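Sequence order for the protein chains is R and W. For the first sequence, this note's numbering assigns the number 227 to the initial residue and increments by one for each residue that follows. For the second sequence, this note's numbering assigns the number 10 to the initial residue and increments by one for each residue that follows.
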Amino acid sequence: MQGRVTTKSAYRLPVALQEPEWSGGSMTPEKQLILADLIETIRQDLSFSGYFKIVRFDSLYLKLMGTSQMDRKGWSHLGAEYLGTGRVSPSGDGFRLLLKLEGTLSGEVIFEKSFTGLWERSRQTAHQVAGEIIYYLWGGRTLIFETQIAATWQKGNAKNLYLLDYDGHRARPITNYGEINISPCWFPSGDRIVFTSYREGNPDLWLLLLKNNSTQKISARPGLNTAPAVWPDGRYIVATLSVDGNAELYLLAESGKTVRRLTHHPAIESEPTISPDGKQIAFTSDRLGQPQVFTMDADGGNIRRLTYQGSYNASPAWSPRGDRIAYVSRGETGTFDVYTIAPDGSGLARLTSKGSNENPDWSPDGYHLVFSSLRGGERNLFTITYDGTNERQITDGGGFTTPAWGPYPRP
Amino acid sequence: MTFKLLRFVILAAVILALAGGCSSKKKGVESDTPPLTEEPPPPPPPPPTDESGDLDTPADLELQTIYFEYDKYSLKSDAKDALSKNAATLGTYTEVTVVIEGHCDERGTVEYNLALGEKRARAARDYLVDLGIQADRIRTISYGEERPVDPGHAESAWSKNRRADFLRTDQ
């Protein structure tokens, strides 16, 4: 089961995680920081999931109660229904975390498990622990905390692709070419990405294998080779080419060979996104004078206008659940916000209201979105739950664009 | 006729500039041998002269940038004026080839703006071709919103960034 996300209630289970005790002799400041980060990462994961509210330690409580130690009852008074307490000890080159999860009122032990990890990979351990807590308290397995986001990060004049953990941590480069590298799109296998690079001067499509970051040019036709979208089964790519004189959508093999031209119109057609059943494609076109989102059948027929509200609607992203299409719309103040709409045009919902927001993309469970947002003069990545709650800034320092949320890791 | 006159004016300007004393450039003009690859960065080789053989292209030949309205690729009248001047220059220096770079401001999506930038570059190219410039002397490329001249987030920056730049490719 891939995440228990069929329904979402406003209720968030209040849970507390106490700082674990260290039993292993002397402690370096570095390891102390790692341990603090480990626990905080678990809290952030639980909070991100949308199922939990994190109850925080409150020193005032201890003062009021005239005690020096938080206990089960104390956490219950602060509102927590479940409490995690732990002990960390050295284990080989890493550490072992023994974690007990119990009900604060009943004292019922939900689980008592040990997790081992390496110091330099402590965040992965934290994601596993969070996944276990969700499994025991909500009954569904989720691998969302082990997913990654590919995005462009500008440093100086170069825009390179980076991989980030789902929470924006551990940004690491996967291209290093100078010039412009944008618009990554994952294959469902999670082992490769197609993207647009100017490394040879023209915006061309390249394929990147993540196991060694090797690349291969797949479309360098004159003009645009941009906006790739990978077919849900990984067999094809839909991309924007202007080789025939104007930006049109084409169906390509993974090798870049043209399978079929999909659109025929003198206006701009770009930003394709494919429904998870592979039957429809949504895209942006300015055929009515301004950019609007349209849908069409997978063979290019039966084109229908999807968006009607607003004069600039673009950047559609079809939810992996199939029932919503996210896109951005320009408001009266000139800034862009993320909206979602059903593929039949019903149920328009606005998700963001701050900054100017672009390039939404869905998490593999269809429960969250990542997007780039210009706020305070910097463009950073944010995540948000599909209903517009739980908005989180996941990068700092600016320069982040065109995020793409990767699939679940393969076992 | 106007091209001839313009040629003369530019030639005069070039002579004045050279008289200002750039010996290496003069040397380059006199020599027809290709530079040896072992040598330190050579001065730019002299551009080949056209058949009438009377004029070299100045290195700093000026081609004007044109500007666009938001989310538009139609040519405004001032853009057409600038393109007419660029066409005159290209008509004079027939060995010059250019790439037209289409650019957008940041307000819009990355991928749509790549297509919009291409529309702008091609609108400029088509206008030059209509004015008699050979299409094979002009290449186009779009940078979308990726290469702003002004990184600001206000109209003062945006108006400068919605542009088509003309860069020589024969040098």
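Ideal Cβ placement from N, Cα and C applies to all residues, glycine included. Note that the structure is a prediction, hence the values are computed from the model and not measured.
Any C-beta of chain R under 8 angstroms from that of residue i
i, result
"GLU155/W", "yes"
"TYR121/W", "yes"
"LYS94/W", "no"
"ASP80/W", "yes"
"GLU110/W", "no"
"THR178/W", "no"
"ILE150/W", "yes"
"LYS169/W", "no"
"GLU104/W", "no"
"GLU71/W", "no"
"ARG146/W", "no"
"SER32/W", "The predicted model places SER32/W with a pLDDT of 39, which falls under 50 and marks its position as unreliable; any figure quoted below should be read in that light. For SER32/W, the answer is no, since every Cβ of chain R falls outside 8 angstroms of its Cβ."
Residue i at chain W interface by Cβ criterion, 8 angstroms
i, result
"PRO385/R", "The residue asked about is misnamed: residue 385/R is Lys in this sequence, not Pro. Cβ-Cβ to chain W under 8 angstroms: yes for LYS385/R."
"VAL554/R", "yes"
"PRO517/R", "yes"
"THR452/R", "yes"
"ASN428/R", "yes"
"THR510/R", "yes"
"ALA630/R", "no"
"SER545/R", "no"
"TYR476/R", "no"
"GLN619/R", "no"
"SER496/R", "yes"
"ILE685/R", "Since the displayed chain R opens at 227 and closes at 637, residue 685/R lies outside it and no answer follows."
"THR627/R", "yes"
"LEU514/R", "no"
"ALA376/R", "no"
"ALA446/R", "no"
"ASN585/R", "yes"
Any non-hydrogen atom of the ligand FMN closer than 7 angstroms to residue i Cβ
i, result
"ASP591/R", "Within the structure as shown, the ligand FMN is missing, as the structure has no ligands at all."
Contact set for residue i: own chain, Cβ-Cβ below 6 angstroms, skip 5 residues either direction
i, result
"PHE337/R", "LEU327 and TYR362"
"VAL281/R", "PRO240, ALA242, LEU304, GLY305 and ALA306"
"ALA173/W", "ILE75, ILE109, GLY111, ARG129, ALA130 and ALA133"
"ALA166/W", "ASP159"
"TRP345/R", "ILE260 and GLY320"
"THR106/W", "ARG146, THR178 and ASP179"
Identified DSSP bridge partners for residue i
i, result
"PHE175/W", "ILE109/W"
"ASP563/R", "SER555/R"
"LYS443/R", "TRP432/R"
"HIS594/R", "THR611/R"
"ARG269/R", "According to DSSP, ARG269/R bridges with nothing at all."
"ILE463/R", "VAL456/R and LEU478/R"
"GLN619/R", "PHE608/R"
"TRP345/R", "Answer is none; TRP345/R lacks a bridge partner."
"MET522/R", "ILE507/R"
"ALA377/R", "TYR388/R"
"ALA540/R", "VAL554/R"
"ARG156/W", "DSSP, once it has assigned bridges, lists no residue as partnering ARG156/W."
"TRP248/R", "VAL314/R"
"PRO255/R", "Looking at the DSSP assignment, PRO255/R forms no beta bridge with any residue, so it has no partner."
"PRO399/R", "TYR388/R"
8 angstroms Cβ shell around residue i - same chain, five flanking residues per side excluded
i, result
"PRO502/R", "PRO458, TRP544, SER545, PRO546, ARG547 and GLY548"
"ALA91/W", "GLN73, THR74 and ILE75"
"LEU290/R", "none"
"LYS89/W", "TYR136"
Beta-carbon separation (whole angstroms), residue i vs residue j, contact threshold 8 angstroms
i, j, result
"TYR392/R", "ILE360/R", "So it is not a contact: roughly 14 angstroms between Cβ atoms."
"VAL456/R", "PRO498/R", "Wrong, their Cβ atoms sit about 10 angstroms apart, outside the cutoff."
"TYR102/W", "THR149/W", "That belief does not hold up - the Cβ atoms of TYR102/W and THR149/W are roughly 19 angstroms apart, past 8 angstroms."
"SER468/R", "LEU450/R", "4 angstroms"
"ALA453/R", "SER496/R", "5 angstroms"
"TRP364/R", "PRO633/R", "The Cβ separation is near 22 angstroms, so there is no contact."
"PRO246/R", "ARG313/R", "6 angstroms"
"GLU127/W", "SER151/W", "4 angstroms"
"SER294/R", "LEU288/R", "6 angstroms"
"GLY276/R", "ARG636/R", "With a Cβ gap of about 25 angstroms, GLY276/R and ARG636/R do not count as contacting."
"ILE567/R", "LEU532/R", "7 angstroms"
"LEU264/R", "THR351/R", "7 angstroms"
Cutoff 7 angstroms; reference residue i; Cβ partners in own chain excluding five residues on either side
i, result
"GLN442/R", "TRP432 and LEU433"
"VAL335/R", "LYS326 and GLU328"
"GLN619/R", "ASN606 and PHE608"
"LEU477/R", "TYR462, VAL464, VAL485, ARG486 and LEU488"
"ALA493/R", "SER511, ASP512 and ARG513"
Check: At a cut of 8 angstroms, does the segment 109-119 of chain W reach the segment 151-160 of chain W through at least three beta carbon pairs?
Finding: Between the segment 109-119 of chain W and the segment 151-160 of chain W there are three or more C-beta pairs closer than 8 angstroms, enough to call the two in contact.
Notebook entry, point to check: Are three or more beta carbon pairs between the segment 573-583 of chain R and the segment 510-528 of chain R nearer than 8 angstroms?
Noted result: With a cut-off of 8 angstroms, the segment 510-528 of chain R and the segment 573-583 of chain R do not count as touching, because too few Cβ pairs lie within range.
Note to self: Within 8 angstroms, do at least three Cβ pairs link the segment 375-384 of chain R to the segment 616-628 of chain R?
What the structure shows: Contact between the segment 616-628 of chain R and the segment 375-384 of chain R is present, because at least three Cβ pairs lie under 8 angstroms.
Check: Would you call the segment 551-568 of chain R and the segment 577-591 of chain R in contact, with 3 or more CB pairs under 8 angstroms?
Finding: Output reads yes: the segment 577-591 of chain R touches the segment 551-568 of chain R.
Next item on the list: Give a yes or no on contact between the segment 317-331 of chain R and the segment 288-303 of chain R, applying the rule of three or more CB pairs nearer than 8 angstroms.
Entry: Proximity of the segment 317-331 of chain R to the segment 288-303 of chain R meets the contact definition, three or more beta-carbon pairs being nearer than 8 angstroms.
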